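Participant: Below: one structure in structure tokens.
Number of protein chains: 2
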Amino acid sequence: MGDKTFYPGESVLISPQTGEVGLKIAYCGICGTDVHIYHGNMDHRVKIPQIIGHEVSAQVVTIGDDVSGIKIGDRVVIRPLQAGAAIPADKGYTHIGRNLKFMGIDTPGGMQAYWTVPANTIHLLPDNVPLREGALIEPLAVACHDVRRARVKEHEYVVVIGGGPIGLLISLVAKSQGANVLLVEINEKRRDLAEKLGLSVVNPRQVDLVKAIDKFSDGVMADVVFEVSGSTNGVKEMTRLPNVRGRIVMVAIHSQPREIDLFSFFWKEVEMVGARVYEPQDFEMALSLAAHNMIPLEALISDTVDIGQVQQAFEQIDSHPDGMKYLIKCTD
Amino acid sequence: MGDKTFYPGESVLISPQTGEVGLKIAYCGICGTDVHIYHGNMDHRVKIPQIIGHEVSAQVVTIGDDVSGIKIGDRVVIRPLQAGAAIPADKGYTHIGRNLKFMGIDTPGGMQAYWTVPANTIHLLPDNVPLREGALIEPLAVACHDVRRARVKEHEYVVVIGGGPIGLLISLVAKSQGANVLLVEINEKRRDLAEKLGLSVVNPRQVDLVKAIDKFSDGVMADVVFEVSGSTNGVKEMTRLPNVRGRIVMVAIHSQPREIDLFSFFWKEVEMVGARVYEPQDFEMALSLAAHNMIPLEALISDTVDIGQVQQAFEQIDSHPDGMKYLIKCTD
Chain A
196 MGDKTFYPGE SVLISPQTGE VGLKIAYCGI CGTDVHIYHG NMDHRVKIPQ IIGHEVSAQV
256 VTIGDDVSGI KIGDRVVIRP LQAGAAIPAD KGYTHIGRNL KFMGIDTPGG MQAYWTVPAN
316 TIHLLPDNVP LREGALIEPL AVACHDVRRA RVKEHEYVVV IGGGPIGLLI SLVAKSQGAN
376 VLLVEINEKR RDLAEKLGLS VVNPRQVDLV KAIDKFSDGV MADVVFEVSG STNGVKEMTR
436 LPNVRGRIVM VAIHSQPREI DLFSFFWKEV EMVGARVYEP QDFEMALSLA AHNMIPLEAL
496 ISDTVDIGQV QQAFEQIDSH PDGMKYLIKC TD
Chain B
196 MGDKTFYPGE SVLISPQTGE VGLKIAYCGI CGTDVHIYHG NMDHRVKIPQ IIGHEVSAQV
256 VTIGDDVSGI KIGDRVVIRP LQAGAAIPAD KGYTHIGRNL KFMGIDTPGG MQAYWTVPAN
316 TIHLLPDNVP LREGALIEPL AVACHDVRRA RVKEHEYVVV IGGGPIGLLI SLVAKSQGAN
376 VLLVEINEKR RDLAEKLGLS VVNPRQVDLV KAIDKFSDGV MADVVFEVSG STNGVKEMTR
436 LPNVRGRIVM VAIHSQPREI DLFSFFWKEV EMVGARVYEP QDFEMALSLA AHNMIPLEAL
496 ISDTVDIGQV QQAFEQIDSH PDGMKYLIKC TD
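Residue numbers (the working numbering), protein chains in the order written: chain A, 196 to 527; chain B, 196 to 527.
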């Protein structure tokens, strides 16, 4: 199925049931997943018509029964996961359990004026974080989860392959933890932005990455490699860069099997961990980083469009691969 | 290069230098690596003529200066690793450092009557462990290292893909730690032996492994998968079996890149760690398991040949893929 015409959700507030909260959405970011949905790549999962969007900042306007710790007017962000029925193979990891529902993909999402959500998906936005930046807390929580899965420590050498929004946020979070970060990105404008934000960047089409990280790290090589590119080249490079017991974090979604050098896993006792979405503590970390101005979130916003221009926003993303994060302004 | 004619090492005791110990070898096991060397597959690394062999039990016959804690007559086994000059990318992991020398591959080994080795490679064999079983401590230490890398816990469900000597030992060590182990092996004789030793086994050509582990684990699926087969099928299966946050241990040496389903790493936050040789504590664990009769080492010995029949032993291994561990009796 080709590109979709997007119909913004109706501006109707559904009264919250017990345990739910009614929100007036301020901003909703457009995620790479939303673009995949727009292109029809997720038709097997997304039931049309669907209100999509899951990177949201909002204000509480109504509160259902049995909700505590939240009051009308609170500025909030949403952790858009609803745990389904647990199965033994989930081992209690509800954030990626078999029956997980992802709000904005499997259920209605945030690209609308009003949204009613379970109270347990809400995190309070610190007073000093603007609502615009609040819409970036969700992708920032992804990056926090990835960095936590990598167990990044101070002074470690970190290579991030792929400098889109998530790769850039991973780089900034790892740097905020005291790591030495080298970002690998082929797009010049994305490299320029990353450099402006204080990151070291290389173009893998111009340098040999093994030599680059060897020089960058004074021979230590990569303690951690994040594969965020989703490309065959990224997978090829990711095993060449780690040092002994180095860690690779599989952030990208590779929907096709990829050829991997398994020998390097054996030889250097390399480790690879997958990382998907986030747990509550990742949202708390993201909110804390934002509250302490550790991450220049505003600098990642490429453009903000009114909810009536959503269709144009998706078209703009397709025609501007340099862009970083696009926000939809859902209400005034 | 084709198969080699094997010349047993000369029965000459080289006087130990400072920090060295002279050994009279009792038994030396034949490792899969030795068979690779015999087939000429490691000609790039092994300088001919070379005395190979690294699975050794022995008695101390001479002791150089500056050696403590070892006396003439001690029954010992050898951890055949000599750390080379450290480089930053080794991060202090001397057992797999860039300049590591593996005794019996990179330097003369144990298929001889007398062998002079650095004292720091020696572990004392407990009194109640026969010298024959002592020759299996090295592969048992490999298995202990693999199980330790996997962080196997009591009651966990463990799948071992490949039931050769190392796969069988991994299964037995994991079981000794209280895990529920399912061994996957295509060879009927190897399955029979494993079953005789109390292991649960399946033939992957007769059952669907996902269904088999689902049933075996009551839906928990594999907490840990050891890939020991070195096969493309093994790599294909290894990502299908883990549960959420399940761990894969890459034990086999895959000299060719393999196609892997990276999506399952992302989706279930699966982890994969490489495991190579051992550290001193793995030898201590192996010796402790042997001393407490936790592993039926004698049952793994397929045949014992005199050192004069080494050539025939290698030929026998090639013609009997069912066999498990072959020992060379180096002295009376």
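Beta carbons: idealized from backbone N, C-alpha and C, even for Gly.
Bear in mind that the values here come from a model prediction, so they are computed numbers and not experimental data.
Could you run through the stretch 460-474 of chain B and flag, in chain order, every residue whose CB is less than 9 Å away from some CB of chain A?
Facilitator: So the list reads 460, 461, 462, 463, 464, 465, 466, 467, 468, 469, 470 and 471, given in the order they occur along the chain.
Participant: Classify residue 401(B) as buried or exposed, calling it buried when 16 or more other Cβ atoms lie within 10 Å of its own Cβ.
Facilitator: exposed
Participant: Check each residue of the stretch 445-460 of chain B: if its Cβ is closer than 7 Å to any Cβ of chain A, include it; give the result in chain order.
Facilitator: So the list reads 445, 448, 449, 450, 452, 453, 454, 455, 456, 457, 458 and 460, given in the order they occur along the chain.
Participant: Quick one: residues in its chain with C-beta nearer than 6 Å to the C-beta of residue 211(B), no 5 flanking neighbours on either side, listed in chain order?
Facilitator: Counting only residues of its own chain and dropping the five nearest sequence neighbours on each side, residue 211(B) has a CB closer than 6 Å to the CB of 217, 257, 259 and 311.
Participant: Is DSSP giving residue 434(A) helix, strand or coil here?
Facilitator: coil
Participant: Against chain B, does residue 414(A) count as a neighbour if the rule is that its beta carbon must be under 9 Å from one of theirs?
Facilitator: yes
Participant: Could you spell out where the alpha helix (DSSP H) holding residue 511(A) opens and where it closes?
Facilitator: 505-514
Participant: So what does DSSP say about residue 351(B), is it helix, strand or coil?
Facilitator: coil
Participant: If residue 374(B) and residue 351(B) are in contact, beta carbons under 8 Å, what's the gap, nearest whole angstrom?
Facilitator: 5 Å
Participant: Return the bridge partner residues of residue 454(B) from the DSSP annotation.
Facilitator: For residue 454(B), the pairing in a beta bridge is given by DSSP as 454(A).
Participant: I'd like the ranges of any alpha helix (DSSP H) spanning at least 4 consecutive residues and lying wholly in the stretch 324-368 of chain A.
Facilitator: As far as the stretch 324-368 of chain A is concerned, its whole alpha helix (DSSP H) runs of at least 4 residues are 326-329 and 332-345.
Participant: According to DSSP, is residue 227(B) part of a helix, a strand, or is it coil?
Facilitator: The answer is helix: DSSP assigns residue 227(B) an H, G or I state.
Participant: Thinking C-alpha only, which one of 294(B), 316(B) and 461(B) is nearest residue 263(B)?
Facilitator: 316(B)
Participant: Contact defined as beta carbons within less than 8 Å: I believe residue 341(A) pairs with residue 470(A). What is the distance between those atoms, to the nearest angstrom?
Facilitator: 5 Å
Participant: Under a Cβ-count criterion, where at least 16 other Cβ atoms within 10 Å of its own Cβ denotes burial, should residue 518(B) be classed as buried or exposed?
Facilitator: buried
Participant: With three or more C-beta pairs closer than 8 Å as the rule, is the stretch 457-477 of chain B touching the stretch 271-290 of chain B?
Facilitator: Counting Cβ pairs under 8 Å, three or more are found: they touch.
Participant: Along the chain, where does the beta strand (DSSP E) containing residue 467(B) start, and where does it finish?
Facilitator: 466-469
Participant: So, does the CB of residue 286(A) fall closer than 9 Å to a CB anywhere in chain B?
Facilitator: Interface with chain B (9 Å Cβ-Cβ cutoff): residue 286(A) is included.
Participant: Alpha carbon to alpha carbon, how far is residue 413(A) from residue 419(A)?
Facilitator: Straight through space, the alpha carbons of residue 419(A) and residue 413(A) are spaced by roughly 15 Å.
Participant: Given that a residue counts as buried once 16 or more other Cβ atoms are within 10 Å of its Cβ, and exposed if not, what is residue 503(A)?
Facilitator: exposed
Participant: Cβ closer than 9 Å: which chain A residues qualify as neighbours of residue 300(B)?
Facilitator: Neighbours of residue 300(B) on chain A: none; closest Cβ ~14 Å, over 9 Å.
Participant: Return yes when the Cβ of residue 306(B) is within less than 9 Å of the Cβ of residue 356(B), no when it is not.
Facilitator: Contact flag unset, no.
Participant: Measuring CA to CA, which of 379(B), 296(B) and 425(B) is closest to residue 403(B)?
Facilitator: 379(B)
Participant: Can you pull out the residues from the stretch 428-442 of chain A whose beta carbon lies closer than 8 Å to at least one beta carbon of chain B?
Facilitator: So the close ones are 430, 438, 439 and 440.
Participant: Check whether the stretch 287-301 of chain B and the stretch 319-327 of chain B are in contact - that is, three or more C-beta pairs closer than 8 Å.
Facilitator: no
Participant: Please report whether the beta-carbon of residue 232(A) lies at a distance below 9 Å from any beta-carbon of chain D.
Facilitator: The chain inventory of the structure shown lacks chain D, comprising the protein chains A and B.
Participant: May I have the straight-line CA-CA distance separating residue 289(B) from residue 392(A), to the nearest angstrom?
Facilitator: 38 Å
Participant: So which residues of chain B does residue 283(A) contact, with C-beta pairs closer than 9 Å?
Facilitator: 412, 413, 414, 415, 416 and 438
Participant: Where does residue 248(A) land, buried or exposed, given buried means 16+ other C-beta within 10 angstroms?
Facilitator: With 16 or more other Cβ atoms within 10 Å, it is buried.
Participant: Using DSSP with H/G/I as helix, E/B as strand and the rest coil, what is residue 476(B)?
Facilitator: helix
Participant: Using DSSP's beta-bridge definition, name the partner residues of residue 277(B).
Facilitator: 296(B)
Participant: Between the alpha carbons of residue 208(B) and residue 426(B), how many angstroms are there, rounded?
Facilitator: 41 Å
Participant: Between residue 371(B) and the rest of its own chain, which residues show a CB-CB distance below 8 Å, the 5 nearest in sequence each way excluded?
Facilitator: Correct list, in chain order: 484, 489 and 490.
Participant: Measure how close the beta-carbons of residue 270(B) and residue 224(B) come, nearest whole angstrom, since I'm counting them as under 8 Å.
Facilitator: Actually they do not touch by this definition, with Cβ atoms about 16 Å apart.
Participant: What would DSSP say about residue 303(A), mapped onto helix, strand or coil?
Facilitator: coil
Participant: What is the rounded straight-line gap between the Cα of residue 515(B) and the Cα of residue 399(B)?
Facilitator: 21 Å
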